[in-house]
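Engineer: So the sequence shown is residues 1 to 322, counted in the numbering used here. No residue lacks a Cβ here, since even glycine has one placed at the ideal position from N, Cα and C.
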Amino acid sequence: MADSPDTPAVDADSPLRHRHLLDLSTYDADELRHILDTAQEFRAVLDRPIRQVPTLQGTTVASLFFEPSTRTKLSFGLAAGRLSAETVSLSKSGSSVKKGETLKDTARNVEAMKVDVVVLRHSSPGAPHFLARCTDSVILNAGDGAHAHPTQALLDVLTMREHIDTFDGLNVSIIGDITHSRVARSNVQALTTLGANVTLCGPATMLPVEMERAMDVRTTTDLDAALEGCDIAMALRIQMERQDEGLFPSIREYHMKFGITPDHLRRHPNLLIMHPGPVNRGVELANDVVDHERAIILSQVTNGVALRMAILYLLAPQRTDG
Ligand code: ASP
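Right, here's the structure in full:
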């Protein structure tokens, strides 16, 4: 892609053809598998008594989070620390963005301090792509508006891989507010690239049916249809902060039609439950489902650290031989 900001890695030996992680639309199955294999190795490092390796000594990672985050921000910070990188972080409330500085100026000033990698979360779709064009740092997208959340999708498929033999023919249903979900979009890209079948399910007002053709998925407004033959159900958070109009009558009604309950788990005895967090207990998932043994939500969180270690390891410039 000549006009893509995501130019091929300079290192010809690198197994990845990308310099940045902006979204997963241009990552092929071999690249995804390579990232997952690398993450699996780092997952083992996390179980050692000493969970740190010297790989990124001398590399500096700056996290710019202009939207709230718990898991993504902490796990990128932990991942960089486990690889011995230096880290700095900035959030919207404590930064000069509040004083009117543009994203480009903020990023160029951060870069002027000799930063190697910028991890960016921003409410504008395409903000990481824009930075990749106007700075020299490696850019990692930590969520841009409703567009993409590539590390979330990668940690999700990493977690699925722990429970399945193959993605070929795997049936995954993503349930909830699809319209506002960067998690759904990135998961569809990762899962279809790896060979899984994806069903998107939600209220008609939150289900962009054009995704059916554009992204090779099935859509339905019927939860029972979405769970029939489904191996893994991924519930999405209702994103109150992105709803400027009433897209569903009430939380109670949403839960009655789209919430996953213990009864669903009884009717589908092999079904696994995932959620990217933060969970609205009693809305997307009944309280008992969140804590059920077939809910693998906390494994997703643990794998998030390993996956982000892999991404940093594969894309950050290494300044030592370690
Ligand atoms: N944590 C995920 C995200 O940042 C999911 C969510 O917030 O609903 O997109």
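1. Smallest Cα separation from Asp156: which of Leu21, Ile296, Asp216 and Met240?
2. Excluding sequence positions up to five away, which residues of its chain have a Cβ less than 8 Å from the Cβ of Thr302?
3. Just to confirm, does His20 get its C-beta within under 6 Å of one of the non-hydrogen atoms of ligand 1?
4. Use the C-beta contact count for Ser250: other C-beta atoms within 10 angstroms, 16 or more gives buried, fewer gives exposed.
5. How about Pro249: is its Cβ closer than 6 Å to a heavy atom in ligand 1?
6. Quick one: Cα of Arg19 to Cα of Tyr27, how far?
7. Thinking C-alpha only, which one of Glu162, Gln152 and Cys201 is nearest Gln189?
8. Taking its Cβ as the centre, do 16 or more other Cβ atoms sit within 10 Å of Leu56, making it buried, or is it exposed?
9. Hey, is the stretch 310 to 317 in contact with the stretch 50 to 65, meaning 3+ C-beta pairs nearer than 8 Å?
10. How many Å lie between Ser173 and Leu140 at the Cα?
11. Just reading off the beta strand (DSSP E) that Phe65 is part of, what are its end residues?
12. Using only the heavy atoms of ligand 1, determine whether one of them is closer than 6 Å to the beta carbon of Arg237.
13. Looking only at its chain, what residues have a beta carbon closer than 7 Å to the beta carbon of Phe76, apart from the 5 residues adjacent to it on each side?
14. Using the DSSP secondary-structure output, state which residues sit across from Cys201 in a beta bridge.
15. Does the stretch 216 to 236 come close enough to the stretch 175 to 186 to have 3 or more Cβ pairs within less than 8 Å?
Structural biologist: In brief:
1. Here residue 156 refers to the residue found at position 156 when the sequence shown is read from its first residue. The candidate whose alpha carbon is nearest that of Asp156 is Ile296.
2. The sequence position of residue 302 within the sequence shown is 302, counting from 1. Cβ within range, chain order: Arg43 and Leu46.
3. In the sequence shown, residue 20 corresponds to position 20, counting from 1. Checking the 6 Å criterion, the Cβ of His20 is out of range of every heavy atom belonging to ligand 1.
4. The residue given as residue 250 occupies position 250 in the sequence shown. Ser250 is exposed by the Cβ-count criterion.
5. The residue you call residue 249 lines up with position 249 of the sequence shown. Result no, Cβ not under 6 Å from ligand 1.
6. In the sequence shown, residue 19 corresponds to position 19, counting from 1. In the sequence shown, residue 27 corresponds to position 27, counting from 1. Approximately 11 Å between the Cα atoms of the pair.
7. By one-based count along the sequence shown, residue 189 stands at place 189. Taking the Cα of Gln189 as reference, the smallest distance to any Cα among Glu162, Gln152 and Cys201 is reached at Gln152.
8. For the purposes of this step, residue 56 is taken as the residue at position 56 of the sequence shown. With 16 or more other Cβ atoms from the protein chains shown falling within 10 Å of its own Cβ, Leu56 counts as buried.
9. yes
10. The residue given as residue 173 occupies position 173 in the sequence shown. The residue given as residue 140 occupies position 140 in the sequence shown. Going from the Cα of Ser173 to the Cα of Leu140 covers about 27 Å.
11. For this step, residue 65 is matched to residue 65 along the sequence shown. In the DSSP assignment, Phe65 falls within the unbroken beta strand (DSSP E) covering Thr60 to Phe65.
12. Taking the sequence shown and counting its residues from 1, one reaches residue 237 at position 237. Yes, ligand 1 has a heavy atom inside 6 Å of this Cβ.
13. By one-based count along the sequence shown, residue 76 stands at place 76. Contacts found: Ser63, Val119, Ala142 and Arg308.
14. Taking the sequence shown and counting its residues from 1, one reaches residue 201 at position 201. Paired residues: Ile175 and Thr220.
15. yes
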